[in-house]
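Its first residue numbered 39, the sequence shown is counted upward by one per residue in this note's numbering. Backbone N, C-alpha and C define an ideal beta-carbon position, used for all residues, glycine too. First the structure, in the form of structure tokens, and then the observations on it.
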Amino acid sequence: IAFDGNKAMATDLEIGITYELEKSVGKIALSAEQLKGKNLEELVVDEKERKATIGGLELQGQSLDEFPIIPEVKAKPQLSVSFEALETGLSQTIKHAGISESRSEINGILLKSENGKLRITATDTFRLNQVYFDAKIEKDFEAILPINSAKKVLRLLKQIKPATPIEVAIDKGQAIQFKAGKATVISRITDASYPDYKKIIPEKVKIVTTFNKTDLMAVIKEAPATSLNDIQIHYAPDGKSLTIKAIQKS
Numbered sequence: 039i040a041f042d043g044n045k046a047m048a049t050d051l052e053i054g055i056t057y058e059l060e061k062s063v064g065k066i067a068l069s070a071e072q073l074k075g076k077n078l079e080e081l082v083v084d085e086k087e088r089k090a091t092i093g094g095l096e097l098q099g100q101s102l103d104e105f106p107i108i109p110e111v112k113a114k115p116q117l118s119v120s121f122e123a124l125e126t127g128l129s130q131t132i133k134h135a136g137i138s139e140s141r142s143e144i145n146g147i148l149l150k151s152e153n154g155k156l157r158i159t160a161t162d163t164f165r166l167n168q169v170y171f172d173a174k175i176e177k178d179f180e181a182i183l184p185i186n187s188a189k190k191v192l193r194l195l196k197q198i199k200p201a202t203p204i205e206v207a208i209d210k211g212q213a214i215q216f217k218a219g220k221a222t223v224i225s226r227i228t229d230a231s232y233p234d235y236k237k238i239i240p241e242k243v244k245i246v247t248t249f250n251k252t253d254l255m256a257v258i259k260e261a262p263a264t265s266l267n268d269i270q271i272h273y274a275p276d277g278k279s280l281t282i283k284a285i286q287k288s
């Protein structure tokens, strides 16, 4: 963890987090492992000797010159959204993101403004999940958050549990920043275009029906879990039944 004035900073080279302390403690880099469970506000730094004390423990530090640079997002926030909405959106879509060595754009979560709302989308090209949330949109935006970064951002936000809305700022093609109170989480974003999946979604709904979710899922799960099978759903003309078939591709 690096300390620079009243800022504490940490990074694993995928994401970075900055936390504003109540006071300036000086400049030094210290082992994160040794600081676990410690109150960072109690840190006392001797910059000349590159040492620090906290909770009766004396630590040997390093120069900030050896600490990785955390990307800086210079753009103004494009939106603010509640912690509950962002947590729900990421939690619901992360499991549907793809894993592909050749298509980096599906290895992430799409965050995009649409009709005054925040749309969060994920797909592995076989499944699609998109959810909409109320948000205060200052400017239209679009960014792909890598799946590993999305998991880490979600975990950090759950630890912080901000009571005030999270401000989100995006430097196009570079990085995305989530500011929650005194904490700021920054991640690089994927510099690619997200698939235009909306072309495969029907604009008009011809048939609307209701069914028992448990019964339907039980039948679908009977199909072999492989991309070599097509699951076909046939709606009976009388509207009283559905026929589900798993077709083996040759």
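- When the beta-carbon positions are compared, tyrosine 57 and alanine 46 come within less than 7 Å of each other.
- Counted as a single uninterrupted DSSP element, the beta strand (DSSP E) harbouring threonine 56 occupies residues 53 to 58.
- Three or more beta-carbon pairs drawn from the region 119 to 126 and the region 160 to 179 are found closer than 8 Å, and the two stretches are therefore classed as touching.
- In the three-state scheme derived from DSSP, where H, G and I count as helix and E and B as strand, glycine 127 is classed as helix.
- Under the DSSP assignment, arginine 157 falls in the beta strand (DSSP E) whose first and last residues are 155 to 161.
- According to DSSP, residue pairing for phenylalanine 171 in a beta bridge involves Leu156.
- Sorting Asn153, Thr159, Gln130 and Ser138 by C-alpha distance to the C-alpha of aspartate 234 places Thr159 at the top.
- Rounded to whole angstroms, the gap between the alpha carbons of alanine 135 and glycine 93 is 43 Å.
- Check the Cα spacing between glutamine 116 and each of Arg141, Thr252 and Pro203: the tightest is with Pro203.
- The Cβ atoms of leucine 102 and lysine 65 lie closer than 7 Å to each other.
- For glutamine 197, the enclosing alpha helix (DSSP H) stretches over residues 185 to 198.
- In the pairwise beta carbon analysis, the region 174 to 191 is classified as touching the region 221 to 231: at least three pairs are separated by under 8 Å.
- The three-state secondary structure of valine 82, taken from DSSP, is strand.
- By the Cβ-count criterion, isoleucine 137 is exposed, with fewer than 16 other Cβ atoms from all chains shown falling within 10 Å of its own Cβ.
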